[in-house]
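Shown next, in structure tokens, is the structure this report addresses.
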Amino acid sequence: MRLKKIFGLAAMAVVMGSAMPALAQEVVKVGSSPTGLPFTFVNTETKAMDGVLIDVVKAIEPDIGIRAEFEAVQFSALVPSLTANKIDMIASAMFITEERAKVVDFSDPVYGYGEGVFVPVSDDTAYKTYADLKGKTVGVQVGTTFVDLFKKSGLFSEVKVYKGIPDIIADVNAGRIDAGFGDGPMAAYYLSQGRFPKVKMVESYEASAGGEFGLALRKGDERMPKINAAIARIKSDGTLQKILAKYGLK
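When the letters of the sequence shown are read in order and numbered with mature numbering (1 follows the signal peptide of the UniProt record, and there is no 0), they come out as residues -24 to -1, 1 to 226.
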């Protein structure tokens, strides 16, 4: 009887030991913009969050010991949601800036790019800088670095602020504004889908307000060193390049 009890306790210890890694996986709520194609978006087939940064978080989950739960959060609400403890991490194409870094902690950069400009197909002007669009009515996305930059420039007759890039493109398509600015890869991706036949990217444009983005955590989050180490790993072992290639990026 005593021997059975010993074996029983030993078996229980083995079972509990094997369960420990699962128990150690902390559930982390990750907020992502649902309109940030190809970096973060809602997959129309699965209804789940998808994109470059979603795949990045999934790739580094084992390194950090977490299980991510992705939530669609409007871009302008991401930082407030993080600081209010509604989410635990931001995975979105949010440029790392000094101003934002005062409120949240950013990881090492994952990817970088500049803004793009899109205009009616009838506009053949070879714009190179945003100053070339002086006097135009332009659209930008709320919460982006472009809002303050373009308003303070005083170059435009009006700077309209929109919820997302598709809304800006739609207004250019309808002739309500002269041009739109947005994250280059996102704008190009939306236009490649063929929904806005009257709009095109300006190929001659040279980005001036580009930046890099990574993941964002609340100030002082102790997981950051592990996240940075994991980002370094996926860069060095080719994982990140495979993820980027999956979405047509380099």
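For every residue, glycine included, the Cβ atom is placed at its ideal position computed from N, Cα and C.
Nothing here was measured: the structure is a model prediction, and the numbers come from that model.
Does residue i come out as helix, strand or coil in the three-state DSSP assignment?
| i | result |
| --- | --- |
| Glu47 | strand |
| Gly41 | coil |
| Leu225 | coil |
| Val18 | strand |
| Val137 | strand |
| Val(-10) | Interpretation of Val(-10) is limited by its pLDDT of 45, a score under 50 that renders its predicted location unreliable; no figure is taken from the coordinates. |
| Asp31 | helix |
| Glu74 | helix |
| Tyr181 | coil |
| Pro161 | helix |
| Val118 | coil |
| residue 228 | Residue 228 falls outside the range modelled here, since the chain spans only -24 to 226, and no answer is possible. |
| Asp213 | coil |
Please report the distance separating the alpha-carbon of residue i from that of residue j.
| i | j | result |
| --- | --- | --- |
| Ala44 | Arg194 | 16 Å |
| Val137 | Asp26 | 26 Å |
| Phe172 | Pro201 | 43 Å |
| Lys226 | Ala206 | 20 Å |
| Ala102 | Thr11 | 28 Å |
| Glu179 | Glu75 | 30 Å |
| Ala(-3) | Ile203 | Below a pLDDT of 50, predicted positions are generally treated as unreliable, and Ala(-3), at 46, falls in that range; the measurement from the model is reported next regardless. Taking the straight line joining both Cα atoms gives about 19 Å. |
| Lys174 | Asn61 | 42 Å |
| residue 244 | Ala35 | This structure gives no information on residue 244, because the portion of the chain shown stretches from -24 to 226. |
| Gly126 | Arg152 | The sequence given here has Phe at residue 126, not Gly. Approximately 18 Å, taken between the alpha carbons. |
| Asp100 | Met177 | 11 Å |
| Leu29 | Val79 | 21 Å |
| Ser98 | Arg209 | 46 Å |
| Gln217 | Lys211 | 7 Å |
| Thr73 | Asp124 | 13 Å |
Between which residues of its own chain and residue i is the CB-CB distance below 6 Å, once the five residues before and five after are set aside?
| i | result |
| --- | --- |
| Arg(-23) | For Arg(-23), the predicted structure reports a pLDDT of 47, less than 50, and the residue's modelled location is therefore unreliable. The matter cannot be settled from this model. |
| Ala163 | Gly92, Phe94, Ile141 |
| Lys110 | Leu131 |
| Pro161 | Tyr89 |
| Ser168 | none |
| Pro85 | Glu188, Gly190 |
Apart from the five residues just before and just after residue i, which ones in its own chain have a Cβ nearer than 8 Å to its Cβ?
| i | result |
| --- | --- |
| Ser133 | Gly111, Lys112, Thr113 |
| Tyr166 | Leu13, Ile141, Pro142, Ile145, Phe172 |
| Glu47 | Lys5, Val6, Gly7, Ser8, Met25, Ile63 |
| Phe51 | Ser9, Thr11, Gly12, Ser68, Met70, Gln117, Val118, Gly119, Thr120, Gly140 |
| Asp81 | Ala192, Leu193, Arg194, Lys195, Gly196, Asp197, Met200 |
| Thr105 | Tyr181, Glu182, Ser184 |
| Gly224 | Pro14, Tyr165 |
| Leu58 | Gly7, Asp64, Met65, Ile66, Val80, Ala192, Leu193, Arg194 |
| Val18 | Pro10, Ala24, Met25, Asp26, Ala48 |
| Asp31 | Ile219, Lys222 |
With a threshold of 16 other CB atoms inside 10 Å of the CB of residue i, please say whether the residue is buried or exposed.
| i | result |
| --- | --- |
| Thr16 | buried |
| Ser83 | buried |
| Gly115 | buried |
| Ala77 | exposed |
Starting from the C-beta of residue i, find all residues in its chain whose C-beta is less than 7 Å away, skip the five residues before and the five after it, and write them out in chain order.
| i | result |
| --- | --- |
| Gln1 | Gly41, Ile42, Arg43 |
Any 3 or more C-beta pairs closer than 8 Å across the region 143 to 154 and the region 181 to 196 = Because the criterion of three Cβ pairs below 8 Å is not met, the region 143 to 154 and the region 181 to 196 do not touch.
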